Every structure is written in C-alpha cells, then in structure tokens.
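Input: a single structure, listed below in structure tokens.
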Amino acid sequence: MDNAKSFLENYTQEKFDKIENNELNELLKTAQDIQSNYNKVLNIESEISDGLDQLENNLTEFENKYDEIYSALEDWETYSDNLMQALITLEETFDEASMNVDEVLYRLDDAQVVISEFSHYQSDLESKWSDVESINDDCEDGAVNLHNASLELLDSVEALNQAIENWKDDHPWWDD
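Position 65, counted from 1, in the sequence shown is what this note's numbering calls 73; the numbers after and before it change by one each time, with no gaps.
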C-alpha cells in the first residue's frame, strides 16, 4: 500500500506538475499575448495620437482656408455690390444718354427743317439779291444818266441864261 500510495503520490505529483507546467505555459503565453496586445495598443495609441495631431493640424489649416474663403466671399460680395452699383449707374447713364440721343435726334430733325427752310430762304435771298444787283445796276445806270441829264440841263440852263442875257442885250427896253 505504501507502494500504491507512493505511486499515487508520484502520479498525482507528476500530473500536478504537468498541469501546473501546462497552466504556467498557458499563463506565460497569455501574459505574452497580453504584452503583445498591450504593445499593439501602445502603437495604436501612438498612431491615434499622431492622427489626432495631424487632424488638429488639418483642422487649423481648414480654419485658415475657411477664413480665407470667407474673406474672399466678403470681398466678392463687396465687388459684386460695387459691380451691381456700377451696372445700375451705367444703365442710368445709358438711359440718360438714350434720352439725350433722342433729344439730339429730335433737335437734329428740327435743325434739318431749319436748314431746309434756310436753304429755301437762301435761294430766295440769292434770287432777290440778284434782283437787287440788277436794280442797283439799273440805279447806277440811271444815276449816270441822271448825272449826264443834269449836266445837259445845266448846260441848257446856262445856254438859256446866256440866251436871256443876249436877248436882254438885244432888247434893252426890257429891263426898264
């Protein structure tokens, strides 16, 4: 019995050692797996930290770009407002110019009527001026004729006076 007891103790010890060894090996393997997983977690945590830093940098860059875009949109809005005002002013100027063109065309029509009337009056005036020149020529001829007739009349008056003087000289009784 002692042998059986000893065998049983040895067998139990052996099994216990084997179980213990297996459990220790499993515990060691589990510890190694935990260590490996922990290292993986540390690596992932480092990657996440790097990713968060990159994300923060990207977010800062995005905010800067957003500010630039917002500023550009404000500039565009100002430019758009200025452009719209310029277009309104241009339209008003065009409308005013169009009215001025209409006024100019109306005045041009009036001017053409006046020019036509002036042309008619000019032709009439030229015709009358030609008549005046003809009358003036007639007057000049008449003046020359009148002058010549006056000279002849003076000569005739002088001749008459001379004839009267001669008659008086021939008829002295007349003066008495």
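Every residue, glycine too, gets a C-beta built ideally from N, C-alpha and C. Just so we're clear, the structure is a prediction, and the values are computed from it rather than from any experiment.
Do you know how far the Cα of residue j is from the Cα of residue i?
i	j	result
residue 140	residue 165	35 Å
residue 78	residue 72	10 Å
residue 163	residue 133	43 Å
residue 92	residue 68	35 Å
residue 42	residue 52	15 Å
residue 109	residue 70	55 Å
residue 168	residue 157	16 Å
residue 18	residue 29	16 Å
residue 76	residue 88	18 Å
residue 113	residue 147	48 Å
residue 130	residue 137	10 Å
residue 83	residue 105	32 Å
residue 145	residue 127	26 Å
residue 153	residue 174	30 Å
residue 101	residue 111	15 Å
residue 39	residue 50	16 Å
residue 44	residue 81	53 Å
residue 74	residue 64	15 Å
residue 119	residue 155	49 Å
residue 32	residue 62	43 Å
residue 55	residue 36	28 Å
residue 124	residue 161	53 Å
residue 149	residue 172	33 Å
residue 122	residue 115	10 Å
Please confirm if residue i has its CB atom under 8 Å from at least one CB of chain D.
i	result
residue 71	Checking the listed chains, one finds no chain D in this structure; it contains a single protein chain.
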